[in-house]
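Student: These protein sequence lines are chains Y and U, in that order. In this text, residue positions in the first sequence follow this note's numbering: the first is 9, and each later residue adds one. In this text, residue positions in the second sequence follow this note's numbering: the first is 3, and each later residue adds one. Attaching a single structure in structure tokens format; questions to follow.
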Amino acid sequence: NAGVTQTPKFQVLKTGQSMTLQCAQDMNHNSMYWYRQDPGMGLRLIYYSASEGTTDKGEVPNGYNVSRLNKREFSLRLESAAPSQTSVYFCASSEQGGTNEKLFFGSGTQLSVL
Amino acid sequence: AQSVTQPDIHITVSEGASLELRCNYSYGATPYLFWYVQSPGQGLQLLLKYFSGDTLVQGIKGFEAEFKRSQSSFNLRKPSVHWSDAAEYFCAGTSMNTGFQKLVFGTGTRLLVSP
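The following block contains the structure:
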């Protein structure tokens, strides 16, 4: 009954370092999403994947790359971290991406870039 | 541009009192509207959603919301707040048939519950 699992939960990076945030869902969902949450700004979509093998940019894609490894897994990579990428990152999934469905969220990754 | 506005950053309510959290939207067509709750250290959980039809929508945990087109509002209500309702609440919206990739979140309202 795991739902959407994100790793790691916390991470501290130095400017210029790279890292990959992992996300996996066990609900056989087709669509997956990466959001960032910043104080006073709500959640903003970074990238999404409507189905296995496809990815598309969201509202704030600059500085990020994604990989839809298979139907279960959707990773977010920061190639050269910047302090502006300090945020809480959430992965989410839905069955087809239609708004008559539910979005299921992971518990988040808190990232600090020094 | 399509937007969702939550005018209240923080709200404090006494336990047992009623609650209303405000949400205003700006959409040309009929919007699809959602309320999510986020407990500390957790992801977001869907409370309720409005697509069409009955403008009073019932959700989980005793919450309800009313869609008022004339006021461009979708306020969240609960008749009696419990201490466990302390959390951050997000209103979100999108347009018909655009999917979650166009979902816009408000900035959130943090609910504090006093004894």
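By construction, the Cβ of each residue, glycine as well, lies at the ideal position given by its N, Cα and C atoms.
(1) What residues in the stretch 48-79 of chain Y have a beta carbon less than 9 Å from any beta carbon of chain U?
(2) Going by the CB atoms, is the gap between Ala-89(U) and Phe-76(U) shorter than 8 Å?
(3) Given that Tyr-41(Y) touches chain U, what residues does it touch there, using C-beta distances under 8 Å?
(4) Any C-beta of chain Y within less than 9 Å: which residues of the stretch 32-46 of chain U qualify?
(5) Between the alpha carbons of Pro-9(U) and Ser-28(U), how many angstroms are there, rounded?
(6) In chain order, what residues of the same chain have a beta carbon less than 6 Å from the beta carbon of Ala-32(Y), not counting five sequence neighbours either side?
(7) Under 8 Å: do the stretch 32-41 of chain Y and the stretch 97-104 of chain Y share three or more Cβ pairs, one atom per stretch?
(8) Checking contacts by CB at 8 Å: is Ser-26(Y) closer than that to chain U?
(9) Can the beta-carbon of Phe-69(U) be found less than 8 Å from the beta-carbon of Lys-80(U)?
(10) Which same chain residues, not among the five before or five after Thr-28(Y), have their C-beta less than 6 Å away from its C-beta?
(11) Apply the 10 Å Cβ neighbour rule to Trp-1(U) and answer buried if 16 or more other Cβ atoms are within range, or exposed otherwise.
(12) Could you tell me whether the Cβ atoms of Gly-48(Y) and Ala-89(Y) are closer together than 8 Å?
(13) List the whole-angstrom C-beta distance separating Ser-97(U) from Glu-17(U), where the pair is believed to meet the contact cut-off of C-beta under 8 Å.
(14) Go through its chain and collect everything with a Cβ distance to Arg-35(U)'s Cβ below 6 Å, but skip five positions before and after it.
(15) Do Leu-78(U) and Cys-25(U) have their CB atoms nearer than 8 Å?
(16) What does Thr-109(U) reach in chain Y if we use C-beta pairs closer than 8 Å?
(17) What residues from chain U crowd round Lys-115(Y), counting only those whose CB sits closer than 8 Å?
(18) Which residues in chain Y have a C-beta closer than 9 Å to the C-beta of Phe-92(U)? List them in chain order.
(19) How would you call Thr-62(Y), buried or exposed, if buried means at least 16 neighbouring beta carbons within 10 angstroms?
(20) Any beta carbon of chain U sitting closer than 8 Å to that of Ser-88(Y)?
Tutor: Looking at the atomic coordinates:
(1) Cβ contacts with chain U: Gly-48, Met-49, Gly-50, Leu-51, Arg-52, Leu-53, Tyr-56, Ala-58, Asp-64, Gly-66 and Glu-67.
(2) No, these two residues do not count as a Cβ contact at 8 Å.
(3) Phe-102 and Gln-103
(4) Result list: Tyr-34, Phe-36, Tyr-38, Gln-40, Gly-43, Gln-44, Gly-45 and Leu-46.
(5) Cα to Cα, the separation comes out at about 14 Å.
(6) Thr-13, Arg-80 and Glu-81
(7) yes
(8) no
(9) no
(10) Hits under 6 Å: Ser-83 and Arg-85.
(11) Outside the modelled stretch of chain U, which goes from 3 to 117, sits residue 1(U), for which no answer is possible.
(12) no
(13) So it is not a contact: roughly 38 Å between Cβ atoms.
(14) The sequence shown places Leu at residue 35(U), rather than the Arg named in the question. So the qualifying residues of the chain are Tyr-52, Phe-76 and Gly-95.
(15) yes
(16) Gly-48, Met-49 and Gly-50
(17) Here the sequence assigns Ser to residue 115(Y), which means Lys is not the residue at that position. Within chain U, the residues near Ser-115(Y) are Gly-43, Gln-44 and Gly-45.
(18) Gly-50 and Leu-51
(19) exposed
(20) no
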